[in-house]
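Order-wise, the sequence lines are chains A and B. Heads up: the first sequence runs through residues 1376 to 1860, numbered per my numbering. Heads up: the second sequence runs through residues 89 to 342, numbered per my numbering. Idealized CB from N, CA, C, for every residue including glycine. Okay, so here's the structure we're looking at.
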Amino acid sequence: MSTPNVISRTTSDLDTDYKYGFYTDIESDDIPKGLSEDIVRMISAKKNEPEFLLEWRLKAFRHWLKLEHKEPSWAKVEFPKIDYQDIRYYSSPVTGERPESLDDVDPELIEAFGKLGIPLEEQKRMTGVAVDAIFDSSSVATTYKKALEKAGVIFCSVSEAVETHPELVEKYLGSVVPYTDNFFATLNSAVFSDGSFVYVPPGVRCPMELMTYFRINAADTGQFERTLIIADKGSYVSYLEGCTAPMRKSHQLHAAVVELVALDDAEIKYSTLQNWYPGDKDGNGGVYNFVTKRGNALGRNSKISWTQVETGSAITWKYPSVILQGDNSTGEFYSVALVNNHQQADTGTKMIHIGKNTKSTIVAKGISAGQGQSTYRGLVQIMPSAENATNFTQCDSLLVGDKCGAHTVPYIEVRNPTARMEHEASTSKVSDDQVFYCTQRGISEEEAHYMVINGFCRGIFQELPFEFAMEAQQLLRVSLEGAVG
Amino acid sequence: MLEIRNLYVSVAGTEILRGLDLSVKAGEVHAIMGPNGSGKSTLANTIVGRPEFNVTDGDILFEGESLLDKMPDRRAVLGIFLAFQYPVELPGVRNRQFLKAALDAARTYRGEEELNVRQFDTIYKAAVEKVGIDAELMKRSVNEGFSGGEKKRSEMLQLAVLDPKLAVLDETDSGLDIDALRRVADGVNQRRRPDNATILVTHYQRILSYVVPDYVHVLLDGRIVRSGGRELAAELEAKGYEWVKESADEKAAV
Chain A
1376 MSTPNVISRT TSDLDTDYKY GFYTDIESDD IPKGLSEDIV RMISAKKNEP EFLLEWRLKA
1436 FRHWLKLEHK EPSWAKVEFP KIDYQDIRYY SSPVTGERPE SLDDVDPELI EAFGKLGIPL
1496 EEQKRMTGVA VDAIFDSSSV ATTYKKALEK AGVIFCSVSE AVETHPELVE KYLGSVVPYT
1556 DNFFATLNSA VFSDGSFVYV PPGVRCPMEL MTYFRINAAD TGQFERTLII ADKGSYVSYL
1616 EGCTAPMRKS HQLHAAVVEL VALDDAEIKY STLQNWYPGD KDGNGGVYNF VTKRGNALGR
1676 NSKISWTQVE TGSAITWKYP SVILQGDNST GEFYSVALVN NHQQADTGTK MIHIGKNTKS
1736 TIVAKGISAG QGQSTYRGLV QIMPSAENAT NFTQCDSLLV GDKCGAHTVP YIEVRNPTAR
1796 MEHEASTSKV SDDQVFYCTQ RGISEEEAHY MVINGFCRGI FQELPFEFAM EAQQLLRVSL
1856 EGAVG
Chain B
89 MLEIRNLYVS VAGTEILRGL DLSVKAGEVH AIMGPNGSGK STLANTIVGR PEFNVTDGDI
149 LFEGESLLDK MPDRRAVLGI FLAFQYPVEL PGVRNRQFLK AALDAARTYR GEEELNVRQF
209 DTIYKAAVEK VGIDAELMKR SVNEGFSGGE KKRSEMLQLA VLDPKLAVLD ETDSGLDIDA
269 LRRVADGVNQ RRRPDNATIL VTHYQRILSY VVPDYVHVLL DGRIVRSGGR ELAAELEAKG
329 YEWVKESADE KAAV
């Protein structure tokens, strides 16, 4: 039996390429390491949760015990055994009562987010983007709350929603990703700490972009956030998430669950820039990003669109999916996944067609550099009830160097003969001819690589809100450092 | 401006250029002609430093300095431009973005500030008009889905925007219909100034009906075997490359 060597105590800053690698020294309210029924109760008590939620957590925990530490093994990722008793499941900056305004928030925390490019102060905050800032297990602040309230939009942390809108939480929590879904989702259901909650009332077009910024700060702490977004009939919301963590020698576990529900004629656009610490050049440290994201396009004519740019994490294991339950509903998945050095990514989507005339689009771009391994894994399933379903899938891989790998594993399951399916796939390299063409025009070899790689991702970046498209290009560049030129 | 001395170049172990000499001064247009396989493209690619082309002997001087130890991007910012025979596609890279990066690279090298978007627009639009290229077409990615003629025309746009000291056109005229050919010729004629030079590498004489070169050189088996004025092109057209070959052989025999 191998020795559990994940989540060790040693933490130190290792290299300086990752500019979000700083650590904020702040007093935190931690619970002891380890996982037990008592711990689950303790987390629930810390959050003053109603009985239904504690019961739900406990059911999840008991189910998790039955899984006997057997993580899903079908993905093309390798990692040493995780010691789930050596993880701290709750760590929260000490802030006392939930802050009423930003004046009540510890300036250290505000500064930490400022350093990450997420200013929370009123005069500095981003225009047109409301931010929920989550630090370890707790939401620190949510900006533009008043403006959103005016429109009837609820945007707050999940723990706050549990107190203020328990009926919505009870109705929808676990409705898309049940606690029995998979190993990591079950674990999350038992110990989830915080995350964002969004409810957009009928007919409302959310007046600004909503953003959650996740920051893992404390050592030896797992982050288990849970996000729930409900778009009521005829509403629209665009939601973004960004994330970073300090550089640590040990691995950190991040097992999040995101659930989206779109009712009749509603649309949810969900964008992710994932930049968790990827580990150093030799593969030490880095975040294990084991995430379950799923949306239910429940209503007629509803639409759910996932866009992700995954550049961080030592391991990424995530498949943002759409259940196309409503007739005429639409599901989309646009993805760029980049691996460098020793990073591993196994990512893709599931499009489950149930309703009539449902339509899904998948465009996945994988970039492998260094010794990185990138896998696209996707399922398109057409159920017997899904008359006239259509799917278009395009999977492109780009290789940088000759020590990396790209893999494509598409599953297509059609149980209705009226379905129309299209699948395109390609693998390419940044060619010497392309690089020479650019250098002949005066562009450096390194810049030429970025140009070709950025061009490869352009179709995906276009799906992101403008500021995030710029940010995504930056991320790509930083993540590729040392791999090109 | 450009001084090539006793140049020997091999590609994948095969010697292609064998002691080539060429001198190009500012204000001049030179045509390099020759049959297939004579080394024309090798010459063009060697000047810009394409990695597969190994210089085994001789030297290439640009404004008095040897180019041999300079990387391709350095040669480019010094003011040397190659219009490619087969321009590559850069999917997702927009033409404007590409050209601005190229222009800014040269400016940065010269210690000048990068252009702002408006300044670049002025240069870009003027060039688009001059070259007569469809502005809509140029909204696409670099060369992506372009026809052969469109690619050549796009090269001429890049030439107009970058305005290099030395332009080398590698068979830019081949495969073009008469209108496209004229446009390429116009591009060369318009850039003609006392402070720059152009080398036209071509298989056919026909572009020389529109561009009047100061010198014509005939390349054969990796060497320039004959040089002359524009009348040499007409003579070649009438008598064919065999004629040069025979007379070159005769010379060798003497």
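Residues bridged to residue 1786 of chain A [DSSP beta-bridge criterion]: Residue 1786 of chain A is bridged by DSSP to A:1754.
With DSSP as the reference, label residue 1521 of chain A as helix, strand or coil. Helix at residue 1521 of chain A.
Closest to residue 1680 of chain A by C-alpha separation, out of A:1706, A:1692, A:1699 and A:1765, would be which residue? The shortest Cα separation from residue 1680 of chain A among A:1706, A:1692, A:1699 and A:1765 belongs to A:1706.
Interface residues of chain A around residue 138 of chain B at Cβ under 7 angstroms? The contacting residues are 1811.
Of all the residues that make up the stretch 1685 to 1718 of chain A, which are near chain B by a beta-carbon distance shorter than 9 angstroms? Residues passing the 9 angstroms Cβ filter: none.
Close-in-space but distant-in-sequence residues of the same chain around residue 1616 of chain A (CB under 6 angstroms, 5 per side omitted): Closer than 6 angstroms at the Cβ level, and outside the excluded window around residue 1616 of chain A, lie 1587 and 1647.
Does the CB of residue 1383 of chain A have a neighbour CB from chain B at under 8 angstroms? Low confidence applies here, because residue 1383 of chain A scores a pLDDT of 25, under 50, leaving its location unreliable; read the following figure in that light. Using a Cβ-Cβ cut-off of 8 angstroms, residue 1383 of chain A does not count as an interface residue toward chain B, since no Cβ of chain B sits closer than that to its own.
Does the separation of the CB atoms of residue 1827 of chain A and residue 178 of chain B fall below 8 angstroms? Between residue 1827 of chain A and residue 178 of chain B, the gap from beta carbon to beta carbon is short of 8 angstroms.
Residue 1629 of chain A versus residue 217 of chain B: straight-line alpha-carbon distance, rounded: One C-alpha to the other measures close to 55 angstroms.
Report yes or no: is there a C-beta of chain A within less than 8 angstroms of the C-beta of residue 248 of chain B? It does not; no Cβ of chain A falls within 8 angstroms.
One or two residues paired with residue 1603 of chain A in a DSSP bridge: Looking at the DSSP assignment, residue 1603 of chain A forms a beta bridge with A:1572 and A:1634.
When you compare the CB of residue 1659 of chain A with every CB in chain B, is at least one pair closer than 8 angstroms? No, residue 1659 of chain A does not count as interfacial toward chain B.
Can you give me the start and stop residues for the beta strand (DSSP E) that residue 1648 of chain A sits inside? Run containing residue 1648 of chain A: 1642 to 1649, per the beta strand (DSSP E) assignment.
Report back the beta-carbon spacing between residue 1556 of chain A and residue 1532 of chain A to the nearest angstrom; my notes put them in contact at under 8 angstroms. In this structure residue 1556 of chain A is not in contact with residue 1532 of chain A, their Cβ atoms being roughly 23 angstroms apart against a cut-off of 8 angstroms.
Could you compute how far the alpha carbon of residue 1756 of chain A sits from the alpha carbon of residue 1726 of chain A? C-alpha of residue 1756 of chain A to C-alpha of residue 1726 of chain A: approximately 6 angstroms in a straight line.
Span of the alpha helix (DSSP H), counted from its first residue to its last, around residue 1559 of chain A: Looking at the DSSP string, the run of the alpha helix (DSSP H) that includes residue 1559 of chain A is 1558 to 1566.
Across which residues does DSSP place residue 169 of chain B in a beta bridge pair? According to DSSP, residue 169 of chain B shares a beta bridge with B:255.
Going by Cα to Cα distance, which pick from B:190, B:236 and B:247 is closest to residue 214 of chain B? With distances taken between CA atoms, residue 214 of chain B lies nearest to B:247 out of B:190, B:236 and B:247.
Roughly how many angstroms separate the alpha carbons of residue 103 of chain B and residue 145 of chain B, rounded to a whole number? Here the alpha carbon of residue 103 of chain B sits roughly 11 angstroms from the alpha carbon of residue 145 of chain B.
Please list the segments of the alpha helix (DSSP H) lying wholly inside the stretch 215 to 257 of chain B, counting only runs of 4 or more residues, in order along the chain. Counting only runs of 4 or more, we get 236 to 250.
Closest to residue 1607 of chain A by CA distance: which of A:1423, A:1745 and A:1579 is it? Residue A:1579 is the option with its Cα nearest to residue 1607 of chain A.
Determine whether the Cβ of residue 101 of chain B lies closer than 8 angstroms to any Cβ atom of chain A. For residue 101 of chain B, no CB of chain A lies under 8 angstroms from its own CB, so it is not counted at the interface with that chain.
Counting C-beta neighbours from all protein chains within 10 Å, is the total for residue 1467 of chain A 16 or more, i.e. buried, or is it exposed? By the C-beta density criterion, residue 1467 of chain A is buried, having at least 16 other C-beta atoms within 10 angstroms.
DSSP state of residue 1746 of chain A, grouped into three classes? Three-state result, residue 1746 of chain A: coil.
Could I get the ranges of all uninterrupted beta strand (DSSP E) runs contained in the stretch 1710 to 1737 of chain A, with 3 residues as the minimum, in chain order? 1719 to 1728, all fully within the stretch 1710 to 1737 of chain A.
Measuring CA to CA, which of A:1663, A:1672, A:1738 and A:1642 is closest to residue 1684 of chain A? Out of A:1663, A:1672, A:1738 and A:1642, A:1738 has the C-alpha closest to the C-alpha of residue 1684 of chain A.
Going by CA-CA distance only, name the one from B:306, B:230 and B:222 that's closest to residue 108 of chain B. Looking at the Cα atoms, B:306 is the closest of the given residues.
Write down every uninterrupted run of the alpha helix (DSSP H) in the stretch 1527 to 1551 of chain A whose length is 4 residues or greater and which is fully enclosed by it, in chain order. Whole alpha helix (DSSP H) segments, 4+ residues: 1533 to 1539 and 1541 to 1547.
Residue 281 of chain B: buried (16+ other C-beta within 10 angstroms of its C-beta) or exposed? Counting C-beta atoms within 10 angstroms of its own C-beta, residue 281 of chain B has fewer than 16 neighbours from the protein chains shown and is therefore classed as exposed.
Three-state secondary structure (DSSP) at residue 272 of chain B? Collapsing the DSSP output to three states places residue 272 of chain B in a helix.
is_contact[residue 172 of chain B, chain A] using C-beta, thresh 8 angstroms: Cβ-Cβ to chain A under 8 angstroms: yes for residue 172 of chain B.
Looking at the unbroken alpha helix (DSSP H) that takes in residue 1431 of chain A, where does it start and where does it end? 1426 to 1441 is the extent of the alpha helix (DSSP H) around residue 1431 of chain A.
Would the beta-carbon of residue 219 of chain B fall within 8 angstroms of that of residue 168 of chain B? Not a contact, by the Cβ cut-off of 8 angstroms.
Would you call the CB atoms of residue 1641 of chain A and residue 1674 of chain A closer than 8 angstroms? Yes, these two residues count as a Cβ contact at 8 angstroms.
Could you pull the start and end residues of the beta strand (DSSP E) that residue 1413 of chain A belongs to? Here residue 1413 of chain A belongs to no beta strand (DSSP E); instead the alpha helix (DSSP H) covers 1412 to 1421.
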